[in-house]
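Written out below as structure tokens is the structure these notes cover.
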Amino acid sequence: MRLDDVLPEWHFRERHSIEIDAYADTVFRAVEEVTWREVPVFRALMALRFLGRDPAVDPRIIASMTRDGFVVLDRLDNELVVGTVTTPAFRVADRLRGALLADLPCEAFAKFDAPGHLKIGFNFLRRGSTVSTETRVWATDERARRLFRAYWTVIRPPSGLIRRVWLRAIRERAENEPVFL
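Residue numbering for the sequence shown follows the numbering used here, beginning at 40 and increasing consecutively.
Below, the structure written as structure tokens:
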């Protein structure tokens, strides 16, 4: 399922894109293998969020995020979809994590609507040579939306910077991967 399928509506959204001259499988391998070291601004901001603790137990960003509550919802030929359900205080309930890790994580994510939560989804999508990443956030009630709006106002500029640097790291890795014929 695509991001459009699992989170067709949103309250908050951010999208960035870049041109990458590489095959799709090379691009998506780069998406999954890019490390915190390649996106230092991301690591610094996450360390601030985690009050100085190093968030990078696994050096690969996607692997580290999935260890901390995000789930790969789907991998398609031209799209990787990742998501989580959390509260405005960014607590992921164990029972919810279990539902998202079940056999049908896309369906569990798409159907989730318990009040007081945020559904956060993002993707990497390749169309031609354009690779984009889009983040969407859906608040399940007005209180969660209000609380997240304050956070989004502060985090959106550095979040945009992170996404742009992340895309450049993906391009660097993908375009410099050796090609064997």
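A virtual CB, placed ideally from N, CA and C, is assigned to each residue, including glycine.
Which one of the options has the shortest CA to CA distance from residue i?
i	options	result
P144	G160, H156, P154, R68	G160
V176	R207, F129, I59	F129
A63	A178, L46, T123, E118	E118
V110	E48, G167, L42, D152	L42
E48	A102, D152, P127	D152
Cutting at 8 Å between CB atoms, please list the residues of its own chain near residue i, excluding the five before and the five after it.
i	result
E216	A61, T65, R68, A69
W202	Rather than Trp, the amino acid found at residue 202 in this sequence is Arg. Correct list, in chain order: E53, H55, T172, T174.
E72	R99, R212
By the three-class DSSP mapping on this structure, what secondary structure does residue i have?
i	result
I59	coil
V78	coil
A153	coil
A208	helix
W177	strand
L115	coil
V120	strand
S168	coil
G232	Residue numbering for the chain in the displayed model covers 40 to 220; residue 232 lies beyond these limits and cannot be assessed.
T126	coil
R41	coil
V73	coil
Just to confirm before moving on: does the CB-CB distance between residue i and residue j stay below 8 Å?
i	j	result
M40	L157	no
V80	L206	no
G155	V45	no
E181	I59	no
Rounded to a whole number of angstroms, what is the C-alpha to C-alpha distance between residue i and residue j?
i	j	result
T169	E146	28 Å
N162	V120	4 Å
R165	D107	26 Å
A183	T125	10 Å
T74	M104	11 Å
K150	L115	20 Å
F148	A189	24 Å
G167	R195	28 Å
V193	P127	14 Å
Starting from the C-beta of residue i, find all residues in its chain whose C-beta is less than 6 Å away, skip the five residues before and the five after it, and write them out in chain order.
i	result
F51	V176, W191
V204	V78, V80
I101	E71
Give every residue of the same chain whose Cβ lies closer than 7 Å to the Cβ of residue i, excluding the five residues on either side of it in the sequence, and list them in chain order.
i	result
I57	V170, L206, R207, R210
A178	H50, L157, R184, F187
R76	P98
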